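**Q**
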Amino acid sequence: MTELLNKIGQQAKAASQVLARLSTTTKNQVLRAMADALLDKTPEILAANQEDLADTTGLADKFIDRLTLTADRLAGIADGVRKVADLPEPIGNVERGWTTESGLQISQKRVSLGVVGIIYEARPNVTVDSAALCFKSGNAVILRGGKEALQTNIKMAAVLRDVLAEFDLPQDAVQLITETSHELAQQFMRLNQYVDVLIPRGSSQLIQTVVQNATVPVIETGAGNCHIYVDETADLQMAEDIIVNAKTQRPSVCNATEKLLVNTAIAPDFLPRIARALADKHVEIRGDQQTCQILGDQAKPAQEADWDTEYNDYIIAIKVVNTLEAAIDHINQHNTKHSEAIITTNYEHSQQFTQQIDAACVYVNASTRFTDGFEFGFGAEIGISTQKLHARGPMGLKELTTTKYVILGQGQIRE
């Protein structure tokens, strides 16, 4: 297995050197051709996806949802590739420049990372999103998906590699590891000689496994224990619409809202209203003592573990809080630094919330479901970083680059 990974790493490193020299025009032509090829091969990709779906024994519904491709979902993936092509070129941009007292002209330029490794689970869209973003930013990518999506990933990667070959570019700019053993994954996490950065995408268990075992630098993408706080000044119709959307539009994803905090001043009126709306969507409510007192048999008593759980399901936990400060304290204690929202008409409250909440994305009067590279205008995303170094929030092209200093002199020497 070590020999296999070394070969993959060597091929990726060589390919990355070619990608670093490509013009923007060429990169965009290739990306648009990739989008066209994905649509042309839709029947074959969906057939491969059906092979994966034929054996989902033991998988939770949320994983099956992420694994499933449809013609519409594939069209959305292809559209994301086109949007990446339409984005401004990230490589070569001068971030800043100045002249020192010694006459040196220094500029800080944006450059690609080199080789990016992605470890992910049953999310076949990650195969294409990662490849497109890495290609546009001049990086080779090594993909290691889960066994549940293996056939889909193999087919999608083959489509992308065929397009690279059509343009006489190294196919190894996109490589998929088809060996899905944990032993090989562990070795991949330590491939420092060839991999410049590793990005895990999936469950909190997967992410923590990578963070704890990798020697390659990791950009940590996080689970989403996301909250919405309904302030006492909130527009209640707006709050209802946002909560229902954030919880039920697609509950299996990391930016779905899992917790609802409601100010005690409006709880008696608002909780029965939101409970009815959520019941229409078949959402199970788990509440604190005050919530259960108000809702009766419409809510189950929440356990302490509920406040830290990412359900990815039609379940929400509700807590009544006395003040904005109590809501902020609760969120900062239990959240995963992903996405948090306040519904309010009070400007001062909105500002206090955005300033004091520790999260990658903080919303005022909007659904947490917008934490997404596509929705942010990035075309696609490589993941949503919940850490604070290098990148935070949805990661697009710029987050797949670094900088280097270029220094021009005229024979200066240091005294």
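Heads up, the numbering used here is the position in the sequence shown plus 271, with the first residue counted as 1. Note that CB positions come from ideal geometry on N, CA and C, so glycine has one too. Quick caveat: nothing in here was measured; it's all calculated off a predicted structure.
Kindly indicate which residue of 372, 379 and 360 has the alpha-carbon position closest to the one of residue 366.
**A** Translated into the one-based positions of the sequence shown, residue 366 becomes position 95. If we check each option's Cα against that of residue 366, 379 comes out closest.
**Q** Going by DSSP, what residue range makes up the beta strand (DSSP E) through residue 591?
**A** Here residue 591 corresponds to residue number 320 of the sequence shown, with the count starting at 1. 586-592 is the extent of the beta strand (DSSP E) around residue 591.
**Q** Where does residue 618 land, buried or exposed, given buried means 16+ other C-beta within 10 angstroms?
**A** Here residue 618 refers to the residue found at position 347 of the sequence shown. Residue 618 should be labelled exposed.
**Q** When burial is assigned at 16 or more other CB atoms within 10 Å of the CB, is residue 298 buried or exposed?
**A** The residue labelled residue 298 in the question sits at position 27 within the sequence shown. Looking at its Cβ environment, which holds 16 or more other Cβ atoms inside 10 Å, residue 298 is buried.
**Q** Measure the C-alpha to C-alpha separation of residue 358 and residue 431 and round it to an integer number of angstroms.
**A** The residue labelled residue 358 in the question sits at position 87 within the sequence shown. The residue labelled residue 431 in the question sits at position 160 within the sequence shown. The straight-line gap from Cα to Cα measures roughly 19 Å.
**Q** Shortest alpha-carbon distance to residue 441 belongs to which of 288, 521 and 544?
**A** The residue given as residue 441 occupies position 170 in the sequence shown. When only C-alpha atoms are compared, the closest one is 288.
**Q** Determine the contact status of residue 384 and residue 468, defining contact as a CB-CB distance below 9 Å.
**A** Residue 384 sits at position 113 when you count from the first residue of the sequence shown. Residue 468 sits at position 197 when you count from the first residue of the sequence shown. Going by C-beta atoms, residue 384 is nearer than 9 Å to residue 468.
**Q** For a quick check, are the C-beta atoms of residue 614 and residue 482 less than 9 Å apart?
**A** Indexing the sequence shown from 1 puts residue 614 at position 343. Indexing the sequence shown from 1 puts residue 482 at position 211. Not in contact: residue 614 and residue 482 (Cβ atoms no closer than 9 Å).
**Q** Please classify residue 601: does DSSP put it in a helix, a strand, or coil?
**A** Sequence index remark: in the sequence shown, residue 601 carries index 330 (1-based). It is helical.
**Q** Tell me the DSSP bridge mates of residue 369?
**A** Translated into positions along the sequence shown, residue 369 becomes position 98. The beta-bridge partner set that DSSP reports for residue 369 consists of 377.
**Q** Taking DSSP as the reference, what is the three-state secondary structure of residue 341?
**A** Here residue 341 refers to the residue found at position 70 of the sequence shown. Coil, per DSSP.
**Q** The alpha helix (DSSP H) with residue 543 in it runs from where to where?
**A** Within the sequence shown, numbered from 1, the residue matching residue 543 stands at position 272. Counting along the chain, the alpha helix (DSSP H) containing residue 543 begins and ends at 538-550.
**Q** Please return the same chain residues whose Cβ sits closer than 6 Å to the Cβ of residue 409, not counting the five positions on each side in sequence.
**A** In the sequence shown, the residue the question calls residue 409 occupies position 138. Excluding positions up to five away in sequence, the list reads 290, 291, 362 and 383.
**Q** Keeping to the same chain, check which residues put their C-beta closer than 6 Å to that of residue 654; ignore five residues upstream and five downstream.
**A** By one-based count along the sequence shown, residue 654 stands at place 383. Taken in chain order, the residues that qualify are 470, 472, 492 and 666.
**Q** Roughly how many angstroms lie between the CA atoms of residue 386 and residue 616, to the nearest whole one?
**A** Start at 1 with the first residue of the sequence shown, and residue 386 comes out as number 115. Start at 1 with the first residue of the sequence shown, and residue 616 comes out as number 345. Going from the Cα of residue 386 to the Cα of residue 616 covers about 46 Å.
**Q** Just confirm the distance between the C-beta atoms of residue 478 and residue 494, as a whole number of angstroms; I'd bet it's less than 8 Å.
**A** Walking along the sequence shown from the start, residue 478 turns up at place 207. Walking along the sequence shown from the start, residue 494 turns up at place 223. So it is a contact: roughly 7 Å between Cβ atoms.
**Q** Between the C-alpha atoms of residue 392 and residue 686, what's the straight-line distance to the nearest angstrom?
**A** For the purposes of this step, residue 392 is taken as the residue at position 121 of the sequence shown. For the purposes of this step, residue 686 is taken as the residue at position 415 of the sequence shown. Near 56 Å, if we compare the C-alpha coordinates of residue 686 and residue 392.
**Q** To the nearest angstrom, report how far apart residue 597 and residue 466 are at their CA atoms.
**A** In the sequence shown, counting from the first residue as 1, residue 597 sits at position 326. In the sequence shown, counting from the first residue as 1, residue 466 sits at position 195. The straight-line gap from Cα to Cα measures roughly 44 Å.
**Q** Would you check whether the ligand PLP has a heavy atom nearer than 8 Å to the C-beta of residue 448?
**A** Within the structure as shown, the ligand PLP is missing, as the structure has no ligands at all.
**Q** Excluding sequence positions up to five away, which residues of its chain have a Cβ less than 6 Å from the Cβ of residue 322?
**A** Working through the sequence shown from its first residue, we reach residue 322 at position 51. Contacts found: 422.
**Q** Would residue 634 and residue 611 qualify as a contact pair, given that the criterion is a beta-carbon distance under 9 Å?
**A** Numbered from 1 along the sequence shown, position 363 holds the residue referred to as residue 634. Numbered from 1 along the sequence shown, position 340 holds the residue referred to as residue 611. Yes, the Cβ-Cβ distance between residue 634 and residue 611 is below 9 Å.
**Q** What did DSSP end up calling residue 498 once you bin it into helix, strand or coil?
**A** The residue you call residue 498 lines up with position 227 of the sequence shown. Under the three-state reduction of DSSP, residue 498 is assigned to strand.
**Q** Output yes or no for whether 9 Å exceeds the beta carbon distance between residue 320 and residue 497.
**A** Walking along the sequence shown from the start, residue 320 turns up at place 49. Walking along the sequence shown from the start, residue 497 turns up at place 226. Not in contact: residue 320 and residue 497 (Cβ atoms no closer than 9 Å).
**Q** Three-state secondary structure (DSSP) at residue 656?
**A** For the purposes of this step, residue 656 is identified with residue 385 of the sequence shown, where counting begins at 1. In the structure shown, residue 656 falls within a strand segment according to DSSP collapsed to helix, strand and coil.
**Q** If distances are taken between C-alpha atoms only, which option among 567, 551, 623 and 350 comes closest to residue 399?
**A** Residue numbering aside, residue 399 sits at position 128 when the sequence shown is read from its first letter. The shortest Cα separation from residue 399 among 567, 551, 623 and 350 belongs to 350.
**Q** In three-state terms, what does DSSP make of residue 288?
**A** Along the sequence shown, one-based indexing puts residue 288 at 17. Looking at residue 288 - three-state DSSP - the assignment turns out to be helix.
**Q** Check whether the segment 563-571 touches the segment 534-547, counting contact only when three or more Cβ pairs, one atom from each stretch, lie closer than 8 Å.
**A** yes
**Q** Measure the beta-carbon distance from residue 426 to residue 583 and round it to whole angstroms, keeping in mind my assumption that it falls under 8 Å.
**A** Taking the sequence shown and counting its residues from 1, the one referred to as residue 426 is at position 155. Taking the sequence shown and counting its residues from 1, the one referred to as residue 583 is at position 312. With a Cβ gap of about 26 Å, residue 426 and residue 583 do not count as contacting.
**Q** Use the C-beta contact count for residue 535: other C-beta atoms within 10 angstroms, 16 or more gives buried, fewer gives exposed.
**A** Looking up residue 535 in the sequence shown gives position 264. It is exposed - the Cβ of residue 535 has fewer than 16 other Cβ atoms within 10 Å.
**Q** Are the Cβ atoms of residue 355 and residue 668 separated by less than 9 Å?
**A** Counted from its first residue, the sequence shown places residue 355 at position 84. Counted from its first residue, the sequence shown places residue 668 at position 397. Contact flag set, yes.
**Q** If we ignore side chains and look at the alpha-carbon of each, how far apart do residue 505 and residue 296 end up?
**A** Working through the sequence shown from its first residue, we reach residue 505 at position 234. Working through the sequence shown from its first residue, we reach residue 296 at position 25. The straight-line gap from Cα to Cα measures roughly 49 Å.
**Q** What does a CB cutoff of less than 6 Å around residue 475 pick up in its chain, not counting 5 residues either side in sequence?
**A** The sequence position of residue 475 within the sequence shown is 204, counting from 1. 494.
**Q** Give the range of the alpha helix (DSSP H) segment to which residue 563 is assigned.
**A** Within the sequence shown, the letter at position 292 stands for residue 563. Element bounds for residue 563: 560-566.
**Q** Could you compute how far the alpha carbon of residue 577 sits from the alpha carbon of residue 489?
**A** Taking the sequence shown and counting its residues from 1, one reaches residue 577 at position 306. Taking the sequence shown and counting its residues from 1, one reaches residue 489 at position 218. Their backbone Cα atoms lie some 28 Å apart in a straight line.
**Q** Less than 8 Å between the CB atoms is what I'm expecting for residue 448 and residue 413, so what's the real figure, rounded?
**A** Residue mapping note: residue 448 aligns to position 177 of the sequence shown, counting from 1. Residue mapping note: residue 413 aligns to position 142 of the sequence shown, counting from 1. 7 Å between Cβ atoms; contact.
**Q** Skipping 5 residues on each side, what residues in its chain have a beta carbon closer than 8 Å to that of residue 516?
**A** By one-based count along the sequence shown, residue 516 stands at place 245. Excluding sequence neighbours, residue 516 sits near 638 and 640.
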